[in-house]
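**Student:** Quick note on numbering: my numbering labels position 24 of the sequence shown as 85, and the sequence is numbered without any gaps.
No residue lacks a Cβ here, since even glycine has one placed at the ideal position from N, Cα and C.
Bear in mind that the values here come from a model prediction, so they are computed numbers and not experimental data.
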Amino acid sequence: RKQLNRDQRLMVHTLYNAGHTQKWISTHLNFTLRQVQYVLTVPVTPKSRTGRPSLLSTEQVQELILFIRSSKATRQMSYINL
């Protein structure tokens, strides 16, 4: 089955907090019992993915941008020459 979106997860949490059982929620919303169980174990809004950390600090990125924008010759430099 497909993953539930934020609104569907919020609906499951709301119904559960209102006193409905997991079985009742799964039958009335057409979700599997396992989907309802999983939704109730995780937060309503999922954590954002962290991704790979940047190798350059924000100061280094700004310095590089200023250098590239400083003249036409630097704007046309290849990645290797930078």
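Note down, in chain order, each residue of its chain lying with its Cβ closer than 6 Å to the Cβ of residue 70, except the 5 sequence neighbours on either side.
**Tutor:** 100 and 105
**Student:** List, from N- to C-terminal side, the beta strand (DSSP E) runs of 3 residues or more that fit wholly inside the region 67 to 126.
**Tutor:** Segments of the beta strand (DSSP E) lying fully in the region 67 to 126: there are none.
**Student:** Thinking residue 96 and residue 76 are a contact (beta carbons under 8 Å), I'd like their distance in whole angstroms, please.
**Tutor:** Contact doesn't hold; Cβ gap of about 13 Å is too wide.
**Student:** In angstroms, rounded to a whole number, what distance separates the CA positions of residue 79 and residue 110?
**Tutor:** 31 Å
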